[in-house]
Amino acid sequence: MIKVGLTGGIGSGKSTVANFFKEHGVPVYFADIEAKKLMETSSRIKNKLIEAFGDQTYTNNTLNRAYLAKVIFNNKKKLAIINSIVHPEVDKHFANWVKQQNTPYCIQENAIIFENKKAANFDYIISVTAPLETRINRVISRDGATKEQVLARINNQWNETKKNELADFVIVNEQLSATKNQVKKIHNTLLNFAKKSNFS
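Heads up: the sequence shown begins at 9 in the numbering used here, then just goes up one per residue.
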């Protein structure tokens with residue numbers, strides 16, 4: 009089965025694009041959602057996080073997100089520790105999920121594929137992009153954040169141009185009808201690639 013990574017900066021509309029692929033019957037693994045679930049359910053993750061950040065990490069067996077957010081605020085070293093605990097478990101979980109799919113290709117939606125040096129895990133990568141102002145406005149209306157807060161989050165991620173240059177496909181997600189057309193085109197291309205790889 010072909011594995012496709014779907015990435016893009018904050019506010020680019022990755023989830024919208026992922027759901028358009030789902031409309032074509034493509035299974036999508038949302039890495040961020042699954043990571044949050046695993047942080048609640050995996051005893052391996054729980055034990056390692058408590059070891060690294062103390063008993064306050066979980067309250068009544070539930071992840072103390074506010075505490076953890078404070079711990080990693082402006083602290084890249086501590087964020088890297090969390091990532092080193094959570095990401096390998098997500099990778100394992102995704103590998104098991106892939107085995108359960110029965111389609112020509114599947115997708116993992118993940119904002120930081122390039123930043124985490126995970127590109128080699130996928131056969132193809134799709135980058136979702138949108139004009140900066142569009143992205144800022146989307147996040148402001150979605151999260152109730154200020155423009156400054158959104159820009160700070162954008163600046164923490166890779167530049168979109170850099171992602172687009174490394175991706176196999178780029179979707180410009182500004183007008184939904186145009187986005188749907190781009191998704192359909194890429195979907196058909198990936199189906200063809202899958203067919204050829206089965207014959208080779």
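Glycine included, each C-beta is placed from N, C-alpha and C at the ideal position.
Because the structure is a prediction, the values reported are computed rather than measured.
Through-space distance from residue j to residue i, alpha-carbon basis
i: GLY16; j: PRO139; result: 12 Å
i: LYS204; j: LYS84; result: 43 Å
i: LYS193; j: ILE162; result: 28 Å
i: PHE130; j: GLY21; result: 20 Å
i: VAL212; j: ILE134; result: As shown, the chain starts at 9 and ends at 208. That puts residue 212 outside it, with no answer to give.
i: VAL79; j: PHE61; result: 8 Å
i: TRP42; j: ASN118; result: A small fix is needed here, since residue 42 is Glu in this sequence, not Trp. Looking at the two C-alpha atoms, the distance is approximately 11 Å.
i: ASN206; j: GLN109; result: 16 Å
Residue i burial status per 10 Å Cβ neighbour count (16 or more: buried)
i: ASN55; result: exposed
i: GLN116; result: buried
i: ALA77; result: exposed
i: LYS170; result: exposed
Sequence-distant residues of its chain with Cβ nearer than 6 Å to residue i (five each side left out)
i: PRO112; result: LEU199 and ALA202
i: GLY19; result: ARG143, ARG146 and VAL147
i: TYR132; result: VAL12 and ASP176
i: ARG150; result: none
i: THR197; result: none
i: GLU141; result: none
Nearest candidate by alpha-carbon position, reference residue i, set the options
i: VAL25; options: VAL136, LEU76, TRP105 and PHE38; result: VAL136
i: ASN124; options: PHE102, SER92 and THR49; result: SER92
i: THR49; options: ASN82, ILE10, HIS101 and HIS195; result: HIS101
i: PHE81; options: ALA160, ASN68, TRP166 and ASP176; result: ALA160
i: VAL106; options: VAL34, GLN183 and HIS195; result: VAL34
Distance between beta carbons of residue j and residue i, contact taken as under 8 Å
i: ILE144; j: LYS126; result: With a Cβ gap of about 26 Å, ILE144 and LYS126 do not count as contacting.
Close Cβ partners of residue i (< 8 Å) along its chain, the five nearest in sequence each way excluded
i: THR187; result: GLY21, THR24, VAL25, PHE28, ILE179, VAL180 and ASN181
i: GLN64; result: ASN72 and TYR75
i: GLU168; result: GLY16, GLY17, SER20, SER135 and THR137
Chain B within 7 Å of residue i, Cβ atoms only
i: LYS100; result: Looking at the structure shown, chain B is missing, and only one protein chain is on hand.
Sequence-distant residues of its chain with Cβ nearer than 7 Å to residue i (five each side left out)
i: MET47; result: ILE53, LEU71 and VAL94
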